[in-house]
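Peer 1: Numbers given in the working numbering equal positions in the sequence shown, counted from 1, plus 111.
This is the structure I want to talk about, given as structure tokens.
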Amino acid sequence: MSTSNATATLDASKLIFTGTASRRGRYVSVTPANSEMAHLYYGRVILDAGTPRVAFATEARETALLSMRGACSITVDGTRTDIGLHDAIYIPRGSSVVVETTGEVDLVECAAEVSGTYPLQVIRYAELSADPKLKFRAGGEATTRDLNIVIGDNVKAGRILMGFTRSQHGNWTSWPPAFGIQLVYDNPERPEFAAVVHDGDAVLMPSGYHPNVAAPGHSINFIWMMAAHKEVEDRQFGVVNVQPGFGSDSGIGKESRK
């Protein structure tokens, strides 16, 4: 897959951020200031008995929090919501946020600066799972994966899109924060990034195709997120270009996302 056109030159040193899930509390790893992303912020909120609470302000950023482990309460400007596994919450810009847990929780944070204000919204995974437009299987032989669109057309937002994907064992798919091989390139003859990636790694795709493969006998499970260049107007899932020679007839689709 590709996030832009094929004319950009990618800086491999700015495409991977390692160990992003290694800290307790809230830590934002990726911002437009330290990466080649134009709008996207990525972070984690990891709490347990030793660090059961964190508070922060969204400032100019719309923010989504997705639970990939555990449960917690999230209070936004005095309104409390209990979040369980794979549930998510969309938080408007200019909000005060408190996250608390009595056990443990791992929240993935996706954010982008916006000019508009969109409402607080809670996304329940049980409801999402019943919608075939939001949870579905894609790909063919050797490329099978299960997609979960958590922050998509179901959420009123300005820029951000977010979800998670699980591959079948040994299959090709998109970017992983798990053990596997990841490529990011504009020119397939001279790939700018090709590396082994592990749990907790974040790989950025400001442009170029981004195929990956899981180790045989294992699957790649990853969280994906995007931020539209034009607020609202460009915010859509599934706009892709397919690398020449890898269309539907070839059996493996390397897609390009604008």
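Even for Gly, the Cβ is constructed at its ideal location relative to N, Cα and C.
Could you tell me if the beta carbon of V219 falls within a distance shorter than 7 Å of some heavy atom in the ligand PLP?
Peer 2: As for the ligand PLP, it is missing from this structure, which has no ligand bound.
Peer 1: I think P161 touches R135, with their Cβ atoms under 8 Å apart; what is that distance to the nearest whole Å?
Peer 2: Translated into the one-based positions of the sequence shown, residue 161 becomes position 50. Translated into the one-based positions of the sequence shown, residue 135 becomes position 24. Rather than Pro, the amino acid found at residue 161 in this sequence is Gly. Sure, about 7 Å apart at Cβ, within 8 Å.
Peer 1: Spatial neighbours of E224 within its chain, please: C-beta separation below 6 Å, excluding the five flanking residues on both sides.
Peer 2: Translated into the one-based positions of the sequence shown, residue 224 becomes position 113. Counting only Cβ-Cβ distances below 6 Å, and skipping sequence neighbours, we find A171 and R172.
Peer 1: Is it true that the CB of N282 sits closer than 8 Å to the CB of R256?
Peer 2: Start at 1 with the first residue of the sequence shown, and residue 256 comes out as number 145. Start at 1 with the first residue of the sequence shown, and residue 282 comes out as number 171. Cβ distance < 8 Å, so R256 and N282 count as in contact.
Peer 1: Is L239 helix, strand or coil when you go by DSSP?
Peer 2: By one-based count along the sequence shown, residue 239 stands at place 128. The answer is helix: DSSP assigns L239 an H, G or I state.
Peer 1: Give the DSSP-derived three-state secondary structure of S184 in the structure shown.
Peer 2: The sequence position of residue 184 within the sequence shown is 73, counting from 1. Strand at S184.
Peer 1: Assuming E344 and G227 make a contact with CB atoms under 8 Å, what is their CB distance in whole Å?
Peer 2: One-based indexing of the sequence shown puts residue 344 at position 233. One-based indexing of the sequence shown puts residue 227 at position 116. With a Cβ gap of about 11 Å, E344 and G227 do not count as contacting.
Peer 1: Judging by CA-CA distance, which residue of D297, T190 and H329 is the nearest neighbour of H309?
Peer 2: Working through the sequence shown from its first residue, we reach residue 309 at position 198. Out of D297, T190 and H329, H329 has the C-alpha closest to the C-alpha of H309.
Peer 1: Could you tell me how far apart the beta carbons of E220 and G181 are, in whole angstroms, since I believe they sit closer than 8 Å?
Peer 2: The count along the sequence shown starts at 1 and reaches residue 220 at position 109. The count along the sequence shown starts at 1 and reaches residue 181 at position 70. That pair is no contact at about 15 Å.
Peer 1: With distances taken from CA atoms, which of T169, T276 and S240 is nearest M336?
Peer 2: Within the sequence shown, numbered from 1, the residue matching residue 336 stands at position 225. Checking every option, the nearest Cα to that of M336 belongs to T276.
Peer 1: Who are V261's beta bridge partners in DSSP?
Peer 2: Here the question's residue 261 lines up with position 150 in the sequence shown. None, per the DSSP bridge assignment.
Peer 1: Is the stretch 119–131 in contact with the stretch 143–160, if contact means three or more CB pairs nearer than 8 Å?
Peer 2: Output reads yes: the stretch 143–160 touches the stretch 119–131.
Peer 1: Could you tell me the alpha carbon to alpha carbon distance between D122 and V295, rounded to whole angstroms?
Peer 2: One-based indexing of the sequence shown puts residue 122 at position 11. One-based indexing of the sequence shown puts residue 295 at position 184. Using only the alpha carbons, I get a separation of about 10 Å.
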